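Here's the structure we're looking at; comments come further down.
Numbering (mature numbering (1 follows the signal peptide of the UniProt record, and there is no 0)), first residue to last: -25 to -1, 1 to 486.
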């Protein structure tokens, strides 16, 4: 997310013309059709009808080269128009089955900044419920309690041999010893962070959130929802097992990487390989975060003090010792649990009809400060509302996100739509505004669109608000988003024509 300089109009137009000629010679337009339709799928020895794209679960992979134009035509064939697919559904819990991978390849002739792999494989982790997920959400919201957990985890839609009657429903990958394989890992699970490992092998992380990083090696990797890392692995002559391990209340999912060369007697083993950690230890969870650095050296810091800063923290709505007739579980940012309006925020902003839809007074600091990671306060009430945080165009923003101990500390994968940001700091405990900024990494911070707020800790990010529109930010644990751990940023128009929000297409259907 580089800060681009503005050129005089004649030079800018000339450069745009030259670039267009070059791009046309190298790029193509790729067309995809998404048909949203119901399909019967059998998992865990039972069939059910689910919403799919093109009848596939997981959905089809979008492949394009850098610079290509991608056109996706979406046709809805289900009874209810419940969401926009990009590239997972974003309404309720529909993305439990409506998701797929996007692969953007380098431009032709441009190599990877690491050893070229023999083969690239998307590996998508998901969750499977025997019941209808929409019914689960409705029941949880009605009772005020937590929804039921999933019945299985999946790898590329398959539960694996550790679940009953699922031996044939196992993801299998043929590999050649000595070859390097690029695994594009995507955690599409709704409510869990997952560990991943290849038994008896190491993983070299080369990319996170579609941004190259300085390669580093781990044996076990934690993957948060919506944070897709890419790693390479070189199979030995032993038979590797792909394993995804989840919180202790679940059975892990596993797959097999089948060697095309018979293993030698010395490397052949009938023992079960050691799985990843069964519980999320602090060391395992955050070792990869400490090792991850941006692939290029570039000092980036606001050229002036941020025009808007905030320290969101997780809270609860109403007393939450447990759901009763008058209380329910909830989550909040700066004590505001976001209520989605019946009118689209972007539509209200563009038409200038925000009255009664949203307010522009989202608090940029916690309303009440306390020891966020200490004893939980007695007052656990939060407010509900639809409030936006307004930013002027091109504002430089430093955002500190702090976890709290209310109802217990927990990690939160926060996803910001519309922007990439730089992760400049991340530690445990309470954020210290005096001393912690001196430890910020302004040399090679990693660039992301999703970042983990560590359990009992904080994370600091910086971004440039140069994309005028209303942008959603939310926890990518679906249950937390359902409870209200979400907010929206309104970036105002700039002064130049190319700094303004474009009008909707003339053929856009009316809501």
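We put the beta carbon where it would ideally sit given N, CA and C, even for glycine.
Only a predicted model underlies this, so the values are computations on that prediction, with no experimental measurement involved.
(request) Measure from the alpha carbon of residue 402 to the alpha carbon of each residue in 393, 395, 412, then state which is nearest. (result) Here residue 402 refers to the residue found at position 427 of the chain shown. Closest option to residue 402, Cα to Cα, is 412.
(request) Measure the C-alpha to C-alpha separation of residue 173 and residue 204 and round it to an integer number of angstroms. (result) For the purposes of this step, residue 173 is taken as the residue at position 198 of the chain shown. For the purposes of this step, residue 204 is taken as the residue at position 229 of the chain shown. Answer to the nearest angstrom: the Cα atoms are 15 Å apart.
(request) Along the alpha helix (DSSP H) that carries residue 113, what are the first and last residues, could you check? (result) Here residue 113 is taken as the residue at index 138 of the chain shown, counted from 1. Element bounds for residue 113: 108 to 118.
(request) For residue 106, count neighbouring Cβ atoms within 10 angstroms of its own Cβ and tell me buried if that reaches 16, exposed if not. (result) Residue numbering aside, residue 106 sits at position 131 when the chain shown is read from its first letter. Residue 106 should be labelled exposed.
(message) Taking the alpha helix (DSSP H) that residue 403 belongs to, which residues open and close that run?
(response) Locating residue 403 in the chain shown gives position 428, where the first residue counts as 1. First-last for residue 403: 396 to 403, but that is the beta strand (DSSP E), not the alpha helix (DSSP H).
(request) Assign residue 423 to one of two classes, buried (16 or more other C-beta atoms within 10 Å of its C-beta) or exposed (fewer than that). (result) On the chain shown, residue 423 is found 448 positions in, with the first residue counted as 1. Buried, by the Cβ-count rule.
(request) Throw me the rounded Cβ distance for the residue 468 and residue 429 pair, which I believe falls under 8 Å. (result) On the chain shown, residue 468 is found 493 positions in, with the first residue counted as 1. On the chain shown, residue 429 is found 454 positions in, with the first residue counted as 1. The Cβ separation is near 36 Å, so there is no contact.
(request) Please classify residue 479: does DSSP put it in a helix, a strand, or coil? (result) Locating residue 479 in the chain shown gives position 504, counting from the first residue. Three-state DSSP puts residue 479 in coil, outside helix and strand.
(request) Report buried or exposed for residue 110, applying the criterion of at least 16 other Cβ atoms within 10 angstroms of its Cβ. (result) Here the question's residue 110 lines up with position 135 in the chain shown. Exposed: under 16 other Cβ atoms inside 10 Å.
(request) Go ahead and pull the three-state DSSP assignment for residue 338. (result) Residue 338 sits at position 363 when you count from the first residue of the chain shown. Coil at residue 338, not helix or strand.
(request) Would you kindly check if the distance between the Cβ of residue 74 and the Cβ of residue 65 is under 8 Å? (result) The sequence position of residue 65 within the chain shown is 90, counting from 1. The sequence position of residue 74 within the chain shown is 99, counting from 1. No; because the gap between Cβ atoms is not below 8 Å, this pair is not in contact.
(request) Inspect the CB distances between the stretch 319 to 336 and the stretch 346 to 366 and report whether three or more fall short of 8 Å. (result) yes
(message) At the level of alpha carbons, what is the spacing between residue 419 and residue 9?
(response) Here residue 419 refers to the residue found at position 444 of the chain shown. Here residue 9 refers to the residue found at position 34 of the chain shown. Cα to Cα, the separation comes out at about 38 Å.
(request) Give the DSSP bridge partners of residue 462, in chain order. (result) As a first step, residue 462 is located in the chain shown; it is residue number 487 there, counting from the start. Note: residue 462 sits in a beta bridge opposite 448.
(request) Can you tell me which of 410, 437, 408, 407 puts its alpha carbon nearest to the alpha carbon of residue 421? (result) As a working note, residue 421 is residue 446 in the chain shown. Closest by alpha carbon: 437.
(message) I need the boundaries of the beta strand (DSSP E) containing residue 343, first residue and last residue.
(response) As a first step, residue 343 is located in the chain shown; it is residue number 368 there, counting from the start. Careful: residue 343 lies outside any beta strand (DSSP E) and carries neither H nor E.
(request) Would you tell me roughly how many angstroms separate the C-alpha atoms of residue 180 and residue 480, rounded to the nearest one? (result) Looking up residue 180 in the chain shown gives position 205. Looking up residue 480 in the chain shown gives position 505. Whole-angstrom Cα-Cα distance: 41 Å.
(message) Between the alpha carbons of residue 547 and residue 148, how many angstroms are there, rounded?
(response) Past the boundaries of the shown model lies residue 547; the chain is included only from -25 to 486, so the question cannot be answered.
(message) For a test of the three-state rule: what should DSSP assign to residue 152, helix, strand or coil?
(response) Walking along the chain shown from the start, residue 152 turns up at place 177. In the structure shown, residue 152 sits in coil (DSSP, three-state: anything other than H, G, I, E or B).
(request) State the CB to CB distance for the pair residue 40 and residue 81, rounded to an integer number of angstroms; the pair is presumed to be in contact (CB under 8 Å). (result) Counted from its first residue, the chain shown places residue 40 at position 65. Counted from its first residue, the chain shown places residue 81 at position 106. Indeed, because the Cβ distance is near 7 Å, the residues count as touching under 8 Å.
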